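To start, the structure under review is shown below, and the notes come after it.
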Amino acid sequence: MRDSSRLSRRAVLGLAAAAPLAAAAPASASAATVIGGERLGRSGVQVSGASGLPKKLTARAWLVADHESGEVLAAYNAHRRLAPASTLKMLFADTVLKKFERAERHTVTADDLVGIPAGSSLVGVQAGTTYTVEQLWLGVFLRSGNDAVHVLSHMNGGVAETVAQMQAKAEDLQALDTHVVSPDGFDHKGQLSSAYDLTLFARHGLADADFRDYCATRTADFPAGRKKTFQIQNTDRLLTGAWGMETYDGLIGVKNGYTSHAGNTFTGAATRGGRTLLVTVMHPKSGGNGVYEETAKLLDWGFAHAASAKPVGTLVDPISEGGATATATPSAAAAKPAAGARASTAGGHSSWGLVAGAGERWRCWRAGRSPCAPAGAGRKPARRRGRRRGRRRRGTRRGKGKRRRRRRRSRGRGRRTAGPGADAHRQPPGAWCRSSRQPPRGPVLTSRSHARSAPTRCHGATAAFPPRCGPCGRRKPSAPYVKFW
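Reading the sequence shown from the start, the letters are residues -31 to -1, 1 to 454 in mature numbering (1 follows the signal peptide of the UniProt record, and there is no 0).
As C-alpha cells, this is what we get:
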C-alpha cells in the first residue's frame, strides 16, 4: 500500500511538472534573452581566454569592453541593477547635448533652479546671470553640477519632459536595466542602472565630438557674475591626479559619480596603441580612491590581454542605428513569468520554478518565503522531524534541560518535504547524484540540504543547478524544487 501511494504521488508530480514546462517552452527563448549575450546575464566573473585578472576587486559590478568593436572582454555582474549616482549624467548628455548650440546664451531664472535636491553637488549657477550652453555643459561634466543640469533641463522643456526623453533614449540604446527618475542621477527610489548600461552610455557619447571634448577637459573658467570668473576642476581623479591619485596615461574621460547611498561609481575610457577600452566600476567597498584604483587595474589588464581574451558578450548598437532588438533583460525575465507558466497560488507563495531559461520566477531566498509544491497548492513545504543523528558520548548523563535543547536544535534539521507526503522529496531510482553516478530519469525533487552537498551541475548538464535567484542573483534556493531534462 505504501509503495503504490509513492508511485501515485510521483506520477502526479511528474504530470503536474510536465504541463507547465510544455506551456512555457515556446516562450522560454524570448524570456531568457540577455542583452549583450547569455554570459553577461550570469553572476560572478565572466572571462575567457585570458588570465591574470586583478585581485582584491571589491566592486559590486564591473565591465571591461573594447570601444571600437563593442566586445566585452570581462565582466562581473554586468546586469546587476545599482544606483548610478552622477554617472547617469552621461545619459542626460546623450539625450540633450545635440539640442543646443555651444554658443547659445541663456539667462538663468529662479524657476530654473527650483527642485534641486538638498545636498547636491553644485557648480555655482546663479539666477540672473547669463551663461553659454558650453559653460553649462562644462559645469555638468567637470563639477557634476546638478544646478547646471536643471537649467539645461528647463531649457529642454522641463525636468519631467527631460526624464521621459532620457528613458526613451535608454530604451533606444537597449539599456533596459536603467530606470530614470531624475536627470541629475541623485538618489531617488527606483533610480537604477547597471555596469553594462553605463558602458553603453559612455560608448554612445564618445562618438560625439562635443561629448569627448567636455569629458576630457581638466579645468575651465566659470562665470561668477559681474564679469568675474572662477576656475573649476574636473572631479575625475584619474584625469587630474587629485587627492593623491596618479593620472592614468591615455585616459580620455568619461564620468564619475558619488552619493552616500550609491557610493562611488566610475566609467572611464583610455586609449593606448590605437585601442580604446571602456571600464565601468560600481560600488567598490574600498575608500574614495578605490573606484579609480580598480578602474586603473582593469584598464591595465585590458590593454595587456585584449589580444588574447575571447569576448564574453558585446555592447549592442542602438535600435535607431539598426541594432537588433531584444525582448527582455535578465532582471525583466526574472521578474515576469513566461507565458503559460504557473501563477501564484492561493496561499500567496510563488509557484515552482522550472529549469534555467524557462522564464519562471524564483522568489529571493532572503525573503524567507518558500515556493509551493505543484500537488499541494497554497501549502508550505513541511519539515520532517526526527531525532538528531550523531554518536552519543558514553559515560555522560543528560539532564532534562539538555534534552530539551537537543530537541529544539533537532527541529528543522530533517530533510524538507514537498507536496502532500514525506516521500515526495525522495529521488526516483537512477537519479544521478554524488552517490549513484547515474543519469537522471524524470523529475527530481531536491532539498536544500542536497543543494549544499551536490556539485554545481549535479543533475545533468542541460540546466544550471541550482537556478539563480532573480532579485539577488544568488544560487541558493529557498525550498525544494523540481528539475527537468
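For each residue, glycine too, the CB sits at the ideal point set by N, CA and C. Computed from a prediction, not measured in an experiment: that's the story for all the values here.
Practice problem: Output the distance between the C-alpha atoms of Arg112 and Arg71, rounded to the nearest integer angstrom. | Solution: 18 Å
Self-check item: Reference Lys279; option with closest CA among Gly39, Thr27, Trp31, Gly108
Solution: Gly39
Quiz prompt | Spatial distance of Val248 from Thr64 (CA atoms) | solution = 21 Å
Quiz item: If you run the structure through DSSP and keep just helix, strand and coil, what is Thr204?
Solution: coil
Quiz item: Ordered along the chain, which non-local residues of its own chain (more than five positions away) have a Cβ less than 8 Å from that of Thr27?
Solution: Pro253, Lys254, Ser255, Gly259, Glu263
Practice problem: Starting from Leu247, follow the beta strand (DSSP E) in both directions and report where the run begins and ends. | Solution: 244 to 251
Quiz item: Who are the Cβ neighbours of Gly257 in its own chain at under 6 Å, not counting the five residues just before and after it?
Solution: none
Quiz item: What are the boundary residues of the beta strand (DSSP E) that Ala44 is part of?
Solution: 40 to 45
Quiz item: Among Gln136, Glu73, Tyr100, Ser289, which residue has its Cα nearest to the Cα of Met59?
Solution: Gln136
Exercise. Kindly say whether Gln136, judged by its beta-carbon, lies nearer than 9 Å to any beta-carbon of chain D.
Key: Among the protein chains of the structure shown there is no chain D, as only one such chain exists.
Quiz item: How big is the Cα-Cα spacing for Leu91 and Thr245?
Solution: 31 Å
Quiz item: Would His123 be called buried (16 or more neighbouring beta carbons within 10 Å of its own) or exposed?
Solution: buried
Self-check item: Range covered by the alpha helix (DSSP H) that runs through Trp270
Solution: 259 to 274
Quiz item: Does the distance from the CB of Ala238 to the CB of His48 come in under 9 Å?
Solution: no
Quiz item: How many Å lie between Ser163 and Gly5 at the Cα?
Solution: 13 Å
Quiz item: Out of curiosity, what's the CA-to-CA distance linking Ala19 and Phe272?
Solution: 12 Å
Quiz item: According to the Cβ coordinates, are Ala193 and Phe170 closer than 9 Å?
Solution: no
Practice problem: Return yes when the Cβ of Ala189 is within less than 9 Å of the Cβ of Ile201, no when it is not. | Solution: yes
Quiz item: Does DSSP classify Asp153 as helix, strand or coil?
Solution: coil
Practice problem: For Asp141, collect the residues of the same chain with a Cβ closer than 7 Å to its Cβ; drop the 5 residues on either side in sequence, then sort them by chain order. | Solution: Pro287, Ile288, Ser289
Quiz item: Taking Asp146 as the reference, which of Asp179, Asp81, Asn46, Arg374 has the closest Cα?
Solution: Asn46
Practice problem: Check each candidate in Thr294, Thr283, Phe110 and name the one with the smallest Cα separation from Glu7. | Solution: Thr283
Quiz item: Ser422: buried (16+ other C-beta within 10 angstroms of its C-beta) or exposed?
Solution: Here the model assigns Ser422 a pLDDT of 39, short of 50, so the residue's position is not dependable, and the following value carries that caveat. Its Cβ having fewer than 16 others within 10 Å, Ser422 is exposed.
Self-check item: Cβ-based burial, Ala44 [other Cβ within 10 Å; buried from 16]
Solution: buried
Exercise. May I ask you to report which of helix, strand or coil DSSP gives Trp401?
Key: Low per-residue confidence applies at Trp401: pLDDT is 38, beneath 50, and the placement is therefore not dependable, though the value from the model is reported in the following sentence. The answer is coil: DSSP assigns Trp401 none of H, G, I, E or B.
Practice problem: Less than 8 Å between the CB atoms is what I'm expecting for Ala34 and Leu42, so what's the real figure, rounded? | Solution: 6 Å
Quiz prompt | Nearest-angstrom Cα separation, counted from Leu105 out to Val118 | solution = 8 Å
Quiz item: Taking just the CA atoms, how far does Tyr100 sit from Val77?
Solution: 8 Å
Quiz prompt | CB of Ala139 within 9 Å of CB of Val150, strictly | solution = no
Practice problem: Compare the beta carbon distance of Phe110 and Asn203 with 9 Å and say whether it is the shorter of the two. | Solution: yes
Exercise. List the residues that DSSP assigns as beta-bridge partners of Lys224.
Key: Thr236
Practice problem: Mind reading off the beta-carbon distance from Gly93 to Phe191? Whole number of angstroms is fine, and I expect it under 8 Å. | Solution: 7 Å
Quiz item: Fully enclosed by the stretch 121 to 188, which alpha helix (DSSP H) runs are 4 residues long or longer?
Solution: 128 to 141, 164 to 175, 178 to 184
Practice problem: Just tell me which of Gly159, Thr236, Arg50 has its CA closest to the CA of Asp205. | Solution: Thr236
Quiz item: By how many angstroms is the C-alpha of Gln15 removed from the C-alpha of Gly317?
Solution: Its pLDDT being 34, under 50, Gly317 is placed unreliably by the model, and the measurement read from it follows with that caveat. Rounded to whole angstroms, Gly317 to Gln15 spans 36 Å at the Cα level.
Exercise. Determine which residues share a DSSP beta bridge with Thr76 and list them.
Key: Thr99
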